[in-house]
Amino acid sequence: MDHILKLRHTIDALFGSGASRHLPKNLEITFSKKNGRIRNVYHDGKLLCTLRIDGGLAISPHFAQMLLKSKKFKENCLEINLDAKPFVEEGRSVFCKHVTWCGKNVMISADTPVLFKGKVIAVGRAVLPSKMILEQKRGVAVKIRDSLKSHEKGIGSS
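Going letter by letter, the sequence shown gives residues 16 to 173 in our numbering.
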């Protein structure tokens, strides 16, 4: 199977059909030396995503911003308020009380982009499903894995 096609199918399966249309052209793909599977996907030298062995994708904030053009992808995101923004940018967790909007496809352990005013500021793993995030006012909603500030400092996945 063509590697780009496999990547497109994975993106569509995880984030909604049609989300892969916003995948840029001329991608650079690195493969695992042990098993030959797709490891990382780059565009213009920037890491877009890493394929995990469980079939999931670990996406970067840069790639999440590209995919945000898709309406179905936005249902996998959540929006935070101004109080939480500086902490989330530093890579700290998002708490339920700071969530202003949550897409209906946010599920436990799913990669969840965190938005502020329509821009992706971080990506993390959801701890709770969307319904519980909106109902609760206590506890962690998303554990941040990668943020834009970590890329500026040279830390993180790039």
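Where is the CB? At the ideal position from N, CA and C, for every residue including glycine.
Quantities reported herein were computed from a predicted structural model and do not represent experimental measurements.
Thinking Phe88 and Phe131 are a contact (beta carbons under 8 angstroms), I'd like their distance in whole angstroms, please.
17 angstroms between Cβ atoms; not a contact.
Ordered along the chain, which non-local residues of its own chain (more than five positions away) have a Cβ less than 8 angstroms from that of Lys164?
Glu104, Glu105, Gly106
With DSSP as the reference, please indicate the residues paired to Asp126 in a beta bridge.
Arg140
Can you list, in chain order, the stretches of the beta strand (DSSP E) that have 3 or more residues and sit fully within the stretch 39 to 68?
43 to 46, 53 to 58, 61 to 66
Just confirm the distance between the C-beta atoms of Gly133 and Lys158, as a whole number of angstroms; I'd bet it's less than 8 angstroms.
Going by Cβ atoms, the distance from Gly133 to Lys158 rounds to 22 angstroms, so no, they are not a contact pair.
From Ser108 to Ala156, what distance separates their C-alpha atoms?
8 angstroms
Beta-ladder partner(s) of Asp161, from DSSP:
Val138
Span separating the alpha-carbon of Ser173 from that of Glu150
Residue placement at Ser173 cannot be trusted, given a pLDDT of 42 that sits under 50; what the coordinates show is reported in the next sentence. Taking the straight line joining both Cα atoms gives about 35 angstroms.
Whole angstroms is fine: what's the gap from Ser75's alpha carbon to Ala141's?
15 angstroms
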